[in-house]
Amino acid sequence: MGKIIGICNQKGGVGKTTSAINLSTYVAAKGYKTLLVDSDPQANATSGLGLDKKAQTKNVYDLLMGLASVEEVKVQGPLENLFILPSNVALTGAEIELVDTEQREFKMKQVLSAARDQFDFIFIDCPPSIGLLTLNCLVAADKVLIPLQCEYYSLEGISQLMETIALVKSGLNRQLETAGIVLTMADFRTKLTSDVISEVRGFFKEKVFETVIPRSIRISEAPGFGKPLLLYDETSLGAQKYESLAEEFLKREVGEAGSVAKIPHEIVLIESPEDEIQLAEESNVLQANDLEEEKTFNNTTVDQ
Ligand SMILES: Nc1ncnc2c1ncn2[C@@H]1O[C@H](COP(=O)(O)OP(=O)(O)O)[C@@H](O)[C@H]1O
Ligand SMILES: [Mg+2]
């Protein structure tokens, strides 16, 4: 039976979607059948994986409202083992419409319980709030993975989330565990980053993943091309870091890191030649920036 991992933080812009996309991609690339559930009406995970978030296809809203099954909503992702339950803006309605329904916190759990047997891992990309959608994810999840941006007050920011998790654990989902905290957007040139890292590690100890995700141009560019880092620029520092995060995650969850199979490069999104040319041009411009970034990272990194 597959494990359900909610990727949560009520703060926006901390790297939830980026982590959801790239963690699920690498886990899939290492041979695990993976489902990514986009549970945010902004649908960034959907578009970040190259799907049209404005398309009138069935989506997570239909699922939660009982209008469609996982089979009807599920779409093939860019790798053989990766599937997506896409979102679109209609999901905003679910937050309101669910309020008056019975068992309103259990909708996602009910929906995913039927799909659980088909997957090794189900990741849920949560919206940036603690509303009914996030609550549904926390109730459905076996574990919650928390991306934390390396910035001031990051610890204060998650105290509210920790209280919500404790509340859910005390009633709606007693099995809920923490899969770990991942530090994101680290800028190793600043003292702030190393201060935040040691503060967070001091507080959450081994719950914090060893891998720290650096702030990187490549990471921020990839969603614009509708690609995970593995397919956008496999050799970039950001890609390497998300791969090691996936390995650490798998070590914790299944006891082994696994290696990327050759399959992922065979099944990729279909691109027009224009896309390829544009991609190549962008790559040249970006390469210089990322080399610079990498140099700084290697010189100043404290814990990698
Ligand atoms: N490590 C990183 N380096 C640079 N940009 C990043 C990084 N992680 C995320 N971003 C960018 O920051 C923005 C917010 O990230 P996102 O993953 O969408 O956060 P959330 O889902 O928590 O709102 C996005 O534009 C994303 O591309
Ligand atoms: Mg997001």
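1 is the number of the first residue of the sequence shown in my numbering; add one for each residue after it.
All residues carry an ideal CB built from backbone N, CA and C; glycine is no exception.
- The closest heavy atom of ligand 2 lies less than 7 Å from the beta carbon of ASN44.
- With a 10 Å radius around the Cβ and a threshold of 16 neighbouring Cβ atoms, ARG252 comes out exposed.
- A Cβ-Cβ separation of about 17 Å leaves LEU35 out of contact with LEU91 under the 8 Å criterion.
- Remark: C-beta atoms of ILE158 and ASN44 do not approach each other more closely than 8 Å.
- VAL75 is not a Cβ neighbour of LEU98, given a cutoff of 8 Å.
- For the options LEU64, PHE209, GLY93, the alpha carbon positioned closest to that of GLN42 is the one of GLY93.
- Assignment of ALA186 by DSSP, reduced to helix, strand and coil, places it in the strand class.
- LYS16 is the residue among LYS16, MET1, GLY12 whose C-alpha sits nearest the C-alpha of VAL182.
- Take the alpha-carbon of ALA186 and the one of GLU102: they are about 43 Å apart.
- At a Cβ-Cβ threshold of 8 Å, GLU199 and LEU155 count as neighbours.
- LEU63 is positioned such that its CB atom lies no closer than 8 Å to that of VAL14.
- 8 Å or more divides the Cβ of ALA20 from the Cβ of VAL70.
- For VAL144, the enclosing beta strand (DSSP E) starts and ends at 143 to 149.
- Per the C-alpha coordinates, the member of GLY224, VAL260, ALA246, ARG201 positioned closest to ILE5 is ALA246.
- For LYS53, the three-state secondary structure derived from DSSP is coil.
- For THR134, the closest C-alpha among the options ASP38, VAL208, ASP117 is that of ASP38.
- For a cut-off of 8 Å, the C-beta gap from GLY180 to VAL208 is around 7 Å, short enough to register as a contact.
- Counting along the chain, the unbroken beta strand (DSSP E) around THR34 starts and ends at 34 to 38.
- The Cβ atoms of CYS150 and ILE7 lie no closer than 8 Å to each other.
- In the DSSP assignment, LYS58 falls outside any alpha helix (DSSP H) and carries neither an H nor an E.
- If you draw a straight line from the Cα of PRO223 to the Cα of SER47, it is about 7 Å long.
- Taking every protein chain shown into account, the CB of ARG189 has fewer than 16 other CB atoms within 10 angstroms, so this residue is exposed.
- Per DSSP, LYS207 is not a residue of any alpha helix (DSSP H), being assigned neither H nor E.
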